[in-house]
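Report on one structure; see the data block that follows.
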Amino acid sequence: MTTGVEATGRTAAAPRRAAARAAGLLAAGALLALVTAASLAYGAKPIPLDQVWQGLVHYSGTDTDVVVRDVRLPRTLLGLLAGCALGLAGAVMQALTRNPLADPGLLGVNAGASAAVVSAISFLGITTLSGYIWFAFLGAAAVSVVVYAIGGSRAATPVRLALAGTAVSAALYGYVNTVQILDTAALDRMRFWTVGSLAPATPTAAGQILPFVAAGILLALALARPLNAMALGDDTARSLGSSLNRTRLGAMVCVTLLCGAATAACGPIIFVGLMVPHVVRAITGPDMRWVLPYAAVLSPVLLLGADVLGRVMARPGEVQVGIVTALVGGPVFIYLVRRTRMARL
């Protein structure tokens, strides 16, 4: 039985926790600003920050200005959007499936986008982002519908959705590998895309995926309370007035928008959507009202940081960001899941 002193203590502690979380979110935003500046300043050739500012604000057409505005700025903006999309999608996926190891690809969304893109490249000769982004979304949406149907539609459960997504993903990745083996031209065109890279970013790339990422962000934030209710169990969620079918369908649409956009632009980048939500929950706890904003800020930090590291450590070339996130994310994730606090989440 809770005493009055205990209840008063918890009531007094709640504003302090909220203030600490808000301060942490501001600190995460400051870290994101630093990583964004590093993404603009560092690469095959370091550029001082004053020259970066000059290229952004007072463009004069010099070689440095061209590198900053036409190469690094589009790449950085794409990394910000893709990182935010992957982090939010991972957080929503883990809440939807109640599986802490879930990532944005668990429902087959990445596999559907990949299959559609490889088909567009191999059979239709499409090689530009503006050409195949719609194929990526079509593939992601089609697979989401299939997985939802296989998982039981209105009777879908987290386990059924995860199993259906895993089975569909395996079949589609088998198709992707088959097409690439049979069509060497498609393999050459897709080899960087399938690894995951921000290098192909163009001045229009971020603008093309922005509407889809923005819609996914708004939908994810709207799902915060329903996902919190689902975490208490289906019966409790129903008693709180939450519609499980509507929440699951909305979460799948959200993941489709976010993953479809990020995958179309950068390829299937792994570990960002898996690892960042774990880190965030260690900071904020399981409340999705805080998990989602933190994930939206910290995921671009990881993605842009990995991209900068890949550019710096392989000058004058680069290591694709998908490789760096796997190399760095694997050991870090093992360390995180072995921590006692992480294991209890």
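If you're matching positions, the sequence shown starts at -11 in our numbering and goes up one per residue.
Glycine included, each C-beta is placed from N, C-alpha and C at the ideal position.
Nonlocal neighbours in the same chain, by C-beta distance under 8 Å from residue i, ignoring five residues either side
i, result
"Val260", "Gly71, Leu74, Gly75, Gly78, Ser287, Leu290, Leu291, Thr313, Gly317"
"Ala8", "none"
"Leu207", "Gly238, Val241, Cys242, Leu245"
"Ser132", "Leu95, Gly96, Val97, Gly100, Met240, Val241, Val243, Thr244"
"Gly231", "The amino acid occupying residue 231 in the given sequence is Ser; Gly does not appear at that position. Excluding positions up to five away in sequence, the list reads Pro214."
Status (buried if at least 16 other CB within 10 Å, exposed otherwise) for residue i
i, result
"Val(-7)", "At Val(-7), the pLDDT of 45 sits below 50, so the modelled position is not reliable; the number obtained from the coordinates is stated separately. It is exposed - the Cβ of Val(-7) has fewer than 16 other Cβ atoms within 10 Å."
"Asn165", "exposed"
"Ala331", "Interpretation of Ala331 is limited by its pLDDT of 42, a score under 50 that renders its predicted location unreliable; the figure taken from the coordinates is listed afterwards. Exposed, because fewer than 16 other Cβ atoms sit within 10 Å of the Cβ of Ala331."
"Ala222", "Sequence check: residue 222 is Asp here, not Ala. Exposed, since its Cβ has fewer than 16 Cβ neighbours within 10 Å."
"Thr235", "buried"
"Tyr323", "exposed"
"Phe123", "buried"
"Gly49", "exposed"
"Arg329", "Any reading at Arg329 must be qualified, since the residue scores a pLDDT of 49, below 50, and its modelled position is unreliable; no value is offered."
"Ala2", "exposed"
"Arg303", "exposed"
"Phe200", "buried"
"Leu112", "exposed"
"Arg4", "exposed"
"Thr116", "exposed"
"Met263", "buried"
"Ser227", "exposed"
"Pro214", "buried"
"Asp295", "buried"
"Val301", "This sequence places Met at residue 301; Val is not what is there. The residue is exposed, with fewer than 16 neighbouring Cβ atoms inside 10 Å."
"Pro319", "exposed"
"Val55", "buried"
"Ala193", "buried"
Own chain partners of residue i with C-beta closer than 6 Å, once the 5 adjacent residues on each side are dropped
i, result
"Ala155", "none"
"Ala250", "Ala70, Ala73, Leu74"
"Ser157", "Gly96, Ala99"
"Met(-11)", "Because Met(-11) sits at a pLDDT of 48, beneath the cut-off of 50, its placement in the model cannot be relied upon, and the following sentence gives the value as read from the coordinates. No residues qualify anywhere along the chain."
CA nearest to the CA of residue i, picked from the options
i, options, result
"Ala99", "Ala239, Gly162, Ser185", "Gly162"
"Ala202", "Ala284, Val106, Asn216", "Ala284"
"Leu186", "Ala130, Ala137, Glu306, Trp278", "Glu306"
"Ala217", "Ala252, Leu206, Gly229", "Gly229"
"Val268", "Asp51, Ala16, Ala6, Ala2", "Ala16"
"Leu209", "Val106, Ala103, Ala239", "Ala239"
"His266", "Leu28, Arg4, Ala90, Ala10", "Ala90"
"Thr297", "Arg4, Thr24, Leu245, Ala225", "Per the sequence shown, residue 297 should be read as Leu rather than Thr. Measuring from the Cα of Leu297, the nearest candidate turns out to be Thr24."
"Ile109", "Ala130, Leu170, Leu61", "Leu170"
"Ala128", "Leu65, Thr272, Leu160", "Leu160"
"Met178", "Leu20, Cys254, Ala130, Ala219", "Cys254"
"Gly248", "Pro92, Pro188, Arg86", "Pro92"
"Pro188", "Val135, Ala11, Thr64", "Thr64"
"Leu68", "Leu84, Ser27, Leu220", "Ser27"
"Ile121", "Ala130, Thr182, Ile197, Gly184", "Ile197"
"Gly184", "Leu44, Ala101, Tyr282, Pro256", "Pro256"
"Ala130", "Ser102, Met81, Gly119", "Ser102"
"Ile205", "Asn87, Pro274, Thr182, Val80", "Val80"
Residue range of the unbroken alpha helix (DSSP H) whose run includes residue i
i, result
"Met301", "Element bounds for Met301: n/a, residue is neither H nor E."
"Val243", "232 to 254"
"Asp222", "222 to 227"
"Val54", "51 to 54"
"Ala202", "193 to 210"
"Leu37", "37 to 45"
Local conformation of residue i per DSSP, three classes
i, result
"Ile114", "coil"
"Met330", "Its pLDDT being 45, under 50, Met330 is placed unreliably in this model, and the value from its coordinates should be taken loosely. Note: Met330 maps to helix in three-state DSSP."
"Val307", "coil"
"Asn87", "coil"
"Ala103", "helix"
"Ile257", "coil"
"Pro288", "helix"
"Leu48", "First, the residue type needs correcting, since residue 48 is Ser and not Leu in the sequence shown. If DSSP states are grouped into helix, strand and coil, Ser48 belongs with coil."
"Tyr30", "coil"
"Thr336", "Residue 336 cannot be examined here, being either before or after the span of the chain that is shown, -11 to 333."
"Ser185", "coil"
"Pro62", "helix"
"Asp295", "helix"
"Thr190", "coil"
"Leu94", "coil"
"Pro274", "coil"
Residues near residue i by beta carbon distance below 7 Å, same chain, minus five either side
i, result
"Ala212", "Met276, Arg277, Leu280"
"Leu175", "Gln168"
"Leu126", "Ala104"
"Val106", "Val164, Val167, Gln168, Ala174, Met178"
"Arg299", "Tyr30, Gly31, Ala32, Glu306"
"Thr(-4)", "For Thr(-4), the pLDDT reaches just 49, beneath the cut-off of 50, and the residue's location in the model is therefore unreliable, although a value from the coordinates is still provided. Result list for Thr(-4): empty, nothing under 7 Å."
"Pro191", "Asp58, Pro62"
"Ala6", "none"
"Leu20", "Val285, Pro288, Val289"
"Gly139", "Arg148, Leu149, Ala152"
"Val47", "Checking the sequence, you will find Tyr at residue 47 rather than Val. Closer than 7 Å at Cβ, skipping near neighbours: Asp53, Arg57."
"Thr272", "Arg9, Trp278, Val279, Tyr282"
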